[in-house]
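Participant:
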Amino acid sequence: MNDIYARNIHKHYDNGRIRALNGVNLDIANGEFVALMGPSGCGKSTLLHMVGGLDKPDLGKLVVADQDLIKTRDLTSFRARTVGFVFQLHNLLPSLTAIENVMIPMHEIRQSESSRRKRALELLDKVGISKRVSGLPSQLSGGERQRVAIARALANSPPIILADEPTGNLDSKNGEQIMALLTQIWKTDGTTLLIITHDMSVAQRAQRMLYMRDGELSNNLPHSLCDDTGSAISFGGCFPGTKRDSERDIEVRS
Amino acid sequence: MIGLLKFALKNILRRRTRTLLTIGGISIGIATIVTLGILAAGIQHSMGRVLMPAGVDLTITEAGVGDLIMSRITTKQLQKIQTIEGVETAFGQLVSVTRTDISPFFMIFGMHRQDLKIAGFEIVEGRDFADGSNEVIMGRMAATNFNKEVGDNIVLGIRTHKIVGIYESGNPIQDGGAVLPIDVLWANNNEAREFTMVLVDVADVVDVGGLGQKIEEVFDGEVIALSSIAELGKIDQGMEIINFAVYAISLLAVVIGGIGAMNTIMMSVFERTREIGILRAVGWSRKRVFAMILNESIIIGICATVIGVLLGILVIAFIMTFPTAKALIQPVYSEVIFVIAVIVGILVSVIGGTYPAIRATKFAPTEALRYE
Numbered sequence: 001m002n003d004i005y006a007r008n009i010h011k012h013y014d015n016g017r018i019r020a021l022n023g024v025n026l027d028i029a030n031g032e033f034v035a036l037m038g039p040s041g042c043g044k045s046t047l048l049h050m051v052g053g054l055d056k057p058d059l060g061k062l063v064v065a066d067q068d069l070i071k072t073r074d075l076t077s078f079r080a081r082t083v084g085f086v087f088q089l090h091n092l093l094p095s096l097t098a099i100e101n102v103m104i105p106m107h108e109i110r111q112s113e114s115s116r117r118k119r120a121l122e123l124l125d126k127v128g129i130s131k132r133v134s135g136l137p138s139q140l141s142g143g144e145r146q147r148v149a150i151a152r153a154l155a156n157s158p159p160i161i162l163a164d165e166p167t168g169n170l171d172s173k174n175g176e177q178i179m180a181l182l183t184q185i186w187k188t189d190g191t192t193l194l195i196i197t198h199d200m201s202v203a204q205r206a207q208r209m210l211y212m213r214d215g216e217l218s219n220n221l222p223h224s225l226c227d228d229t230g231s232a233i234s235f236g237g238c239f240p241g242t243k244r245d246s247e248r249d250i251e252v253r254s
Numbered sequence: 001m002i003g004l005l006k007f008a009l010k011n012i013l014r015r016r017t018r019t020l021l022t023i024g025g026i027s028i029g030i031a032t033i034v035t036l037g038i039l040a041a042g043i044q045h046s047m048g049r050v051l052m053p054a055g056v057d058l059t060i061t062e063a064g065v066g067d068l069i070m071s072r073i074t075t076k077q078l079q080k081i082q083t084i085e086g087v088e089t090a091f092g093q094l095v096s097v098t099r100t101d102i103s104p105f106f107m108i109f110g111m112h113r114q115d116l117k118i119a120g121f122e123i124v125e126g127r128d129f130a131d132g133s134n135e136v137i138m139g140r141m142a143a144t145n146f147n148k149e150v151g152d153n154i155v156l157g158i159r160t161h162k163i164v165g166i167y168e169s170g171n172p173i174q175d176g177g178a179v180l181p182i183d184v185l186w187a188n189n190n191e192a193r194e195f196t197m198v199l200v201d202v203a204d205v206v207d208v209g210g211l212g213q214k215i216e217e218v219f220d221g222e223v224i225a226l227s228s229i230a231e232l233g234k235i236d237q238g239m240e241i242i243n244f245a246v247y248a249i250s251l252l253a254v255v256i257g258g259i260g261a262m263n264t265i266m267m268s269v270f271e272r273t274r275e276i277g278i279l280r281a282v283g284w285s286r287k288r289v290f291a292m293i294l295n296e297s298i299i300i301g302i303c304a305t306v307i308g309v310l311l312g313i314l315v316i317a318f319i320m321t322f323p324t325a326k327a328l329i330q331p332v333y334s335e336v337i338f339v340i341a342v343i344v345g346i347l348v349s350v351i352g353g354t355y356p357a358i359r360a361t362k363f364a365p366t367e368a369l370r371y372e
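Take a look at the structure:
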């Protein structure tokens with residue numbers, strides 16, 4: 001069963017002058033880990049926002065976790081319960097401590113205060129910063145902030161985690177640790193994980209890699225990202241299951 | 001769990017100076033309402049007590065005058081009132097304001113010696129004046145404020161009078177002034193030998209309201225009969241004007257305070273566009289965002305109300321250190337004034353917070369997340 005099902009998704013801005021998404025088709029299975037790559041401005045984040053219920057397509061069909069996001073009028077409950085966001089710039093609220101930031105999404109879920117606090121503590125322990133629960137974001141390191149952001153994304157146990165360049169603002173060591181954490185969560189919790197990245201080493205952790213260009217999606221990597229055998233190039237490793245694009249012939253997954 | 005209120009409190013404390021200035025602005029408005037309200041109620045109460053001392057059932061004044069002090073009841077009218085059935089005692093009192101050697105604004109009361117007691121003037125030192133003499137009795141508060149005692153002289157208008165006694169009435173307007181024989185006051189100020197008002201003691205079995213109506217009918221509406229202090233507005237438009245001023249200032253406080261609060265909350269909302277986007281992204285509903293912003297405004301309003309009420313009470317305490325104020329006003333800390341202050345404080349915060357809160361709910365999460 002697919003967790004994310006998108007057909008012919010279009011999203012235009014500025015009276016159609018900017019075509020952010022141009023007939024995107026996407027299928028992501030339950031519990032699958034997919035990496036989405038592509039140049040800046042190609043529509044990756046727009047697609048992620050659509051899937052996460054932050055915005056709606058102008059045209060097409062989009063069903064996420066059995067919920068038709070185009071027909072659903074208010075996506076608040078969907079965002080609270082179905083998806084967890086991890087952003088590049090952690091996006092923690094600066095006036096709140098780590099634990100308070102993790103508890104923020106739980107406002108929409110009816111739970112006792114003590115159980116919310118308990119849950120937040122468990123999550124902070126899970127992401128490895130149980131000793132910094134009272135720290136404000138300004139008092140935490142970049143890696144710690146991103147860990148808090150991951151804990152916040154997991155607050156309501158969503159079946160889908162959407163990560164928009166979660167390591168983009170971190171050094172390589174912290175980036176590695178954050179990816180190891182996200183991978184571990186994906187494996188242990190069985191969540192569906194869709195991650196946007198520019199980093200091939202990050203993408204290589206995924207089961208499947210998709211490439212986006214000019215608002216269109218392909219499961220074939222561009223020539224520049226592949227070696228002679230057609231596998232993805234990255235830090236000496238290969239990404240199985242990807243093919244090299246021909247210059248103009250992008251095979252869009254249908 | 002961080003509650004919505006605690007979250008709102010944290011938010012407004014992020015810009016402490018701005019928040020404090022806003023609270024200061026609103027609290028000055030609230031303090032003005034409290035101060036004026038307490039003073040107005042005090043003046044009203046004191047005026048009421050002048051009009052209706054404890055032993056008096058009805059007070060008769062001239063109809064159609066703008067201010068009590070302009071009322072005139074003739075000696076003939078007094079005599080006619082005295083003959084009306086049900087009237088046990090009726091006597092006249094002339095109220096005037098004069099310049100003295102100690103104060104530019106000094107209340108004087110003219111009446112016959114035998115009416116002093118029923119009019120509420122209790123001699124506590126010295127003795128009564130003799131009718132027709134240049135003797136006066138002085139209120140305890142006036143004597144204390146102006147450092148006068150029995151045996152001293154006081155200049156009222158152009159004449160010098162001798163203080164022969166000190167009285168207490170429990171009313172600051174009366175206790176802050178002096179009483180002299182009415183024939184002397186007539187000779188000084190009123191050759192027509194008129195009274196400001198006639199005070200009536202009604203026989204026990206008579207319906208006071210009914211008798212008042214009867215007196216008004218006897219004089220074809222030329223006089224007004226008051227049976228309670230609450231009816232003061234009927235004859236003294238000054239009180240109405242003061243009350244109107246209090247309400248007008250309250251309204252201004254709501255508008256100015258509301259704009260101040262709105263400005264602060266609006267700036268705060270725009271500064272936090274991205275944060276509001278994050279809240280919406282992690283599943284906060286529009287309703288919750290609205291409540292959070294409104295809570296911030298209400299916290300400001302509550303703080304401003306508390307500070308404003310305390311400030312108002314302090315201002316009253318300061319005003320009452322002045323002898324002239326003491327002589328005219330006995331502050332009345334009416335519950336109504338505090339209720340008005342609280343309502344104004346809440347209104348200001350709700351009015352000031354609603355629009356920014358609505359704006360905050362309109363932010364599209366994706367747009368807000370892009371906001372730097």
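Protein chains in written order, with our numbering: chain A, 1 to 254; chain B, 1 to 372.
Here a beta-carbon is modelled for each residue, glycine too, at the ideal position from N, C-alpha and C.
(1) Residues of the region 277-301 of chain B with a CB closer than 8 Å to any CB of chain A: list them in chain order, please.
(2) Step through the CB atoms of chain A and report whether any lies within less than 8 Å of the CB of B/PRO365.
(3) Determine, using beta-carbon pairs with one atom in the region 25-40 of chain B and one in the region 329-337 of chain B, whether at least three such pairs fall under 8 Å.
(4) Give the interface partners of B/ARG14 over in chain A, defined as CB-CB distance under 7 Å, in chain order.
(5) What's the gap between the Cα of A/GLU100 and the Cα of A/GLY142?
(6) Using 10 angstroms around the beta-carbon of B/GLN44, count the other beta-carbons present and answer buried if the total reaches 16, otherwise exposed.
(7) Below 7 Å on C-beta distance, what does B/LYS362 contact in chain A?
(8) What in chain B is Cβ-close to A/THR76, meaning under 8 Å?
(9) Leaving out five residues before and five after B/PHE146 in sequence, what residues of the same chain have Cβ atoms less than 6 Å from its Cβ?
(10) Within a Cβ cutoff of 6 Å, which residues of the same chain sit near A/ASP164, ignoring the five residues on either side of it in sequence?
(11) Expressed to the nearest angstrom, what Euclidean distance is found between the alpha-carbon atoms of B/ILE278 and A/GLN111?
(12) Out of curiosity, what's the CA-to-CA distance linking B/LYS6 and B/ILE313?
(13) Just to confirm, is the Cβ distance from A/ALA98 to A/VAL64 under 8 Å?
(14) My output table needs one value for B/THR354: the three-state DSSP class, helix, strand or coil.
(15) Quick check on A/ILE28: buried or exposed, where buried means 16 or more other Cβ atoms within 10 Å of its Cβ?
(16) For B/LEU180, tell me which candidate among B/ALA304, B/ASN263 and B/HIS112 has the shortest Cα-Cα distance.
(17) Assuming the contact rule is C-beta atoms closer than 8 Å, B/GLY126 and B/VAL164 should be a hit. Round their C-beta distance to whole Å, please.
(18) Do three or more CB pairs link the region 70-87 of chain B to the region 191-206 of chain B at distances below 8 Å?
(19) Considering only DSSP beta bridges, list what A/ILE4 is partnered with.
(20) From the DSSP output, read off the bridge partner residues of B/MET111.
(21) Any idea if A/GLY236 is buried or exposed, counting beta-carbon neighbours within 10 angstroms, 16 or more meaning buried?
(22) Identify, in the order they occur along the chain, each residue of the same chain with its Cβ nearer than 7 Å to the Cβ of B/SER349, setting aside the five sequence neighbours on each side.
(23) Compile a chain-ordered list of the residues in the region 248-271 of chain B whose CB is closer than 7 Å to at least one CB of chain A.
(24) Short check: CB of A/LYS11 to CB of A/LEU26, under 8 Å?
(25) Nearest to B/ARG159 by alpha carbon, out of B/TYR167, B/LEU185, B/GLN174 and B/SER169?
(26) Could you check what DSSP says for A/LYS118 in three-state terms: helix, strand or coil?
Facilitator: Let me lay it out:
(1) Correct list: ILE278, LEU279, ARG280, ALA281, VAL282, GLY283, TRP284, SER285, ARG286 and ARG288.
(2) For B/PRO365, the closest Cβ of chain A is nearer than 8 Å.
(3) With a cut-off of 8 Å, the region 329-337 of chain B and the region 25-40 of chain B count as touching, because enough Cβ pairs lie within range.
(4) Under the 7 Å cutoff, chain A gives SER95.
(5) Near 18 Å, if we compare the C-alpha coordinates of A/GLY142 and A/GLU100.
(6) When all chains shown are included, B/GLN44 counts as buried.
(7) Identification of chain A residues near B/LYS362 by a Cβ-Cβ cut-off of 7 Å yields none; the smallest Cβ-Cβ distance measures about 14 Å.
(8) ARG280, GLY283, TRP284, SER285 and ARG286, listed in chain order.
(9) Around B/PHE146: ILE102.
(10) Taking C-beta separations shorter than 6 Å and ignoring five residues to either side along the sequence, the partners of A/ASP164 in its chain run SER45, LEU48, PHE87, GLN88 and ILE196, following chain order.
(11) Looking at the two C-alpha atoms, the distance is approximately 21 Å.
(12) Straight-line Cα distance between these residues: approximately 30 Å.
(13) In this structure, A/ALA98 lies away from A/VAL64, with their beta-carbon atoms at least 8 Å apart.
(14) Three-state DSSP puts B/THR354 in a helix.
(15) Flag for A/ILE28 reads buried.
(16) With distances taken between CA atoms, B/LEU180 lies nearest to B/HIS112 out of B/ALA304, B/ASN263 and B/HIS112.
(17) With a contact defined as Cβ atoms closer than 8 Å, B/GLY126 and B/VAL164 qualify at about 5 Å.
(18) The region 70-87 of chain B is in contact with the region 191-206 of chain B.
(19) Paired residue(s): A/ILE28 and A/VAL64.
(20) DSSP output for B/MET111 lists B/PRO181 as bridge partner(s).
(21) Any reading at A/GLY236 needs caution, since the residue's pLDDT is 32, under 50, leaving its predicted position unreliable; the model's value is listed next. Counting the other Cβ atoms within 10 Å of the Cβ of A/GLY236 gives fewer than 16, which makes it exposed.
(22) Once the five neighbours on either side are set aside, the close Cβ partners of B/SER349 are ALA261, SER297, ILE298, ILE300 and GLY301.
(23) Listed in sequence order: no entries.
(24) Contact flag unset, no.
(25) Selected option, being the one with the closest Cα: B/LEU185.
(26) Helix.
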